[in-house]
Amino acid sequence: MSENIFSTSSISLSKSAVRQNVRFVKKKLADNVLLSAVLKGNAYGHGIEFMVPLFESAGVRHLSVFSTQEAQQVCQVKKPTTDIMIMGWMEDEETEWAIKNGIEFYVFEMGRLKAAIHFAKLLNIKARIHIEVETGMNRTGFEENYLEEVIKVVKDNLDHITLEGLCTHYAGAESITNYLRVMDQIDTYKKIYKQFTENELIPKRKHTACSAAAMSYPETQMDMVRIGILLYGFWPSQETLIAYQRSNGYGQEGVRKVRHPLKRVISWRSKIMSVKEVPVGEFIGYGTSYQAPKKMKIATVPVGYAYGFARSLSNQGRVIVNGKRVAVISTVNMNLMIINVTECKNVGKGDEVILIGSTGKVKVTVASFGELSNQLNYELLSRLPIDIPRGVVI
Ligand SMILES: *Cc1c(COP(=O)(O)O)cnc(C)c1O
Numbered sequence: 001m002s003e004n005i006f007s008t009s010s011i012s013l014s015k016s017a018v019r020q021n022v023r024f025v026k027k028k029l030a031d032n033v034l035l036s037a038v039l040k041g042n043a044y045g046h047g048i049e050f051m052v053p054l055f056e057s058a059g060v061r062h063l064s065v066f067s068t069q070e071a072q073q074v075c076q077v078k079k080p081t082t083d084i085m086i087m088g089w090m091e092d093e094e095t096e097w098a099i100k101n102g103i104e105f106y107v108f109e110m111g112r113l114k115a116a117i118h119f120a121k122l123l124n125i126k127a128r129i130h131i132e133v134e135t136g137m138n139r140t141g142f143e144e145n146y147l148e149e150v151i152k153v154v155k156d157n158l159d160h161i162t163l164e165g166l167c168t169h170y171a172g173a174e175s176i177t178n179y180l181r182v183m184d185q186i187d188t189y190k191k192i193y194k195q196f197t198e199n200e201l202i203p204k205r206k207h208t209a210c211s212a213a214a215m216s217y218p219e220t221q222m223d224m225v226r227i228g229i230l231l232y233g234f235w236p237s238q239e240t241l242i243a244y245q246r247s248n249g250y251g252q253e254g255v256r257k258v259r260h261p262l263k264r265v266i267s268w269r270s271k272i273m274s275v276k277e278v279p280v281g282e283f284i285g286y287g288t289s290y291q292a293p294k295k296m297k298i299a300t301v302p303v304g305y306a307y308g309f310a311r312s313l314s315n316q317g318r319v320i321v322n323g324k325r326v327a328v329i330s331t332v333n334m335n336l337m338i339i340n341v342t343e344c345k346n347v348g349k350g351d352e353v354i355l356i357g358s359t360g361k362v363k364v365t366v367a368s369f370g371e372l373s374n375q376l377n378y379e380l381l382s383r384l385p386i387d388i389p390r391g392v393v394i
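Here the sequence shown is numbered in UniProt numbering, starting from 1 and rising by one per residue.
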C-alpha cells in the first residue's frame with residue numbers, strides 16, 4: 001500500500017485467493033480448454049494493473065477485456081507472451097493498433113472487418129479476429145443473413161486474417177428460467193459453426209461460455225472459456241452456487257455442507273470517523289428512513305456512494321467492526337455512511353471497518369449485499385473507484 005496517498009479507504013488483493021480460484025476453475029474445465037480471464041470493468045473493480053500479474057502468476061495466459069482502452073492498460077503490465085482479446089468497443093481505426101500489437105479482437109459488423117483487412121494489408125501483419133455471431137442474446141454478433149458474406153470476405157482475405165475464434169454470448173446462463181433460451185442458443189451456434197466448416201473456414205477456437213455457462217452447461221466450454229466473476233471469488237448467482245453444491249452431494253443423506261471452493265480476492269477497509277450516542281425515538285441521518293428504536297450508539301465511516309458504496313445499501317448493507325457484523329443504517333450519503341455499533345464494546349474513532357472481507361469466521365461479501373441480488377456483485381465491484389489505493393497480500 002502506498003504510504004503517501006491520502007484516502008478514506010483501501011483495498012487489498014489476495015494472491016493466494018487468485019491461485020485457488022484459478023485452480024478451481026481449471027479443475028472444472030475439460031481437457032484442453034483454454035482459460036481466458038476477463039478483466040473488463042477495471043478487473044471487476046479490483047484494478048487491472050494488479051490483477052494482470054496476479055493472473056499470470058497463477059498460470060493464466062489469455063486475458064479478455066472490453067475495449068482498446070482496457071487493452072492498452074493491460075499491455076503496460078502484461079508479459080510479452082500473454083494474449084489479449086478485445087470483446088467489445090474499438091473504433092475501426094483502432095484495429096491498426098490492435099493488429100500492430102498482436103491483439104485479438106471481436107468482429108461483429110462489416111465496418112470493423114473491412115477496417116481490419118485494410119490495416120492488416122497496410123501493416124503486412126495478420127489481424128487476429130474472432131467472429132461473433134448472433135445466437136439469441138440480441139446484443140452484438142453477425143445475424144444469420146450476413147454470414148454468407150462474412151465467410152466469403154474472411155476466406156478471400158486469409159492472407160491478412162487469422163480466424164482465431166467463432167464466438168457468442170449467452171443471455172443469462174446463471175438462471176434456470178433462461179434454460180430454453182440458452183439451449184436454443186447452443187443449437188444455433190452449432191448450426192453456424194457447421195456453416196463455417198462446410199465452407200472450409202475453420203475457426204481456431206470455438207468459445208461461448210462465461211462463468212455461469214461453464215459451470216452449469218459444460219458442453220458450452222468448447223475450446224476456450226471467458227471467466228470473470230468466479231476468478232474473483234464470487235458466484236454469478238445463488239442458483240449456480242447451489243447447483244454446484246448439489247452436484248457435490250449437498251442435501252443427500254449425511255452431506256450437510258460442501259466446502260466453499262472459491263476465495264474472495266478483494267477486501268476493502270476503512271475506519272471509524274466518529275462515534276456518538278442517540279436517544280430513543282430520534283431519526284438518524286437524512287429524512288425519516290431510520291428511527292432509533294432504543295438508545296443507540298452509532299458511528300460514521302468516510303465511505304459513501306461517491307466512493308463506490310451503493311446507495312441501494314441504505315438500511316441494508318452490513319460491515320464488520322471489531323469482529324462483529326453490524327448494520328448500515330439510514331441512507332448512504334455521498335461521502336459517508338452511518339452504522340449501528342450499539343452492540344460493539346469499546347468502539348472508537350480509528351477502529352477498522354471492513355466493507356468487504358472477513359475476520360475470523362465473520363464475513364461480509366458484496367453480496368451480503370448480494371443475498372439481496374447477485375447482480376449487485378458485478379455492479380458494486382466494477383464501480384469501486386480507480387483511485388482507492390490497492391495493494392497485494394499473500
Ligand atoms: C463479462 C463477459 C464474460 C464473463 O462473465 P462472467 O459472468 O463474469 O464470467 C464473458 N464473455 C463476455 C462476452 C462478457 O461480456
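Heads up, the beta-carbon is just placed ideally off N, CA and C, and yes, glycines get one too.
Give me, in chain order, the residues of the same chain whose beta-carbon lies closer than 8 Å to that of residue i; leave out the 5 immediate sequence neighbours on both sides.
i           : result
residue 176 : 239
residue 305 : 311, 332, 333 and 334
residue 388 : 7, 9, 10, 11, 268, 307 and 308
residue 286 : 330, 331 and 333
residue 279 : 292 and 295
residue 381 : 41, 44, 45, 46, 232, 234, 266 and 366
Rounded to whole angstroms, what is the Cα-Cα separation between residue i and residue j?
i           : j           : result
residue 369 : residue 234 : In this prediction, residue 369 has a pLDDT of 47, which is less than 50 and means its spatial position is unreliable; what the coordinates show is noted afterwards. Distance between the alpha carbons of residue 369 and residue 234 is about 12 Å.
residue 40  : residue 329 : 32 Å
residue 105 : residue 383 : 25 Å
residue 47  : residue 385 : 9 Å
residue 14  : residue 200 : 46 Å
residue 71  : residue 84  : 7 Å
residue 81  : residue 75  : 11 Å
residue 392 : residue 165 : 34 Å
residue 60  : residue 274 : 44 Å
residue 255 : residue 247 : 11 Å
residue 5   : residue 103 : 34 Å
residue 112 : residue 138 : 19 Å
residue 221 : residue 147 : 23 Å
residue 313 : residue 168 : 34 Å
residue 192 : residue 182 : 15 Å
residue 208 : residue 283 : 51 Å
residue 154 : residue 194 : 16 Å
residue 260 : residue 145 : 45 Å
residue 319 : residue 379 : 18 Å
Any heavy atom of ligand 1 closer than 7 Å to the beta-carbon of residue i?
i           : result
residue 274 : no
residue 87  : yes
residue 236 : yes
residue 103 : no
residue 14  : no
residue 226 : yes
residue 229 : yes
residue 65  : no
residue 38  : yes
residue 211 : yes
residue 169 : yes
Report all residues from its chain with a CB closer than 6 Å to the CB of residue i; omit the five preceding and five following residues, and keep chain order.
i           : result
residue 143 : 134
residue 21  : 231, 233 and 262
residue 150 : 142
residue 205 : 165, 223 and 224
residue 94  : 68
If residue i sits next to residue j, beta carbons under 8 Å apart, how far is it from one beta carbon to the other, in whole angstroms?
i           : j           : result
residue 107 : residue 98  : Contact flag wrong, Cβ pair sits at about 11 Å.
residue 136 : residue 184 : 6 Å
residue 163 : residue 129 : 6 Å
residue 326 : residue 339 : 5 Å
residue 364 : residue 357 : 7 Å
residue 38  : residue 77  : At roughly 16 Å, the Cβ-Cβ gap does not stay under 8 Å, so residue 38 and residue 77 are not in contact.
residue 299 : residue 341 : 5 Å
Considering only residues of the same chain and omitting the five flanking positions on each side of residue i, which have a CB-CB separation below 7 Å?
i           : result
residue 244 : 215
residue 157 : 117
residue 371 : Because residue 371 sits at a pLDDT of 47, beneath the cut-off of 50, its placement in the model cannot be relied upon, and the following sentence gives the value as read from the coordinates. Here the set comprises nothing.
residue 89  : 66 and 67
residue 352 : 269 and 271
residue 120 : 99, 126, 127, 160 and 161
residue 25  : 35, 227, 230 and 231
residue 394 : 15 and 16
residue 241 : 235
residue 50  : 13, 390 and 392
With a threshold of 7 Å, establish whether the CB of residue i neighbours any heavy atom of ligand 2.
i          : result
residue 46 : This structure simply doesn't include ligand 2; it includes ligand 1 instead.
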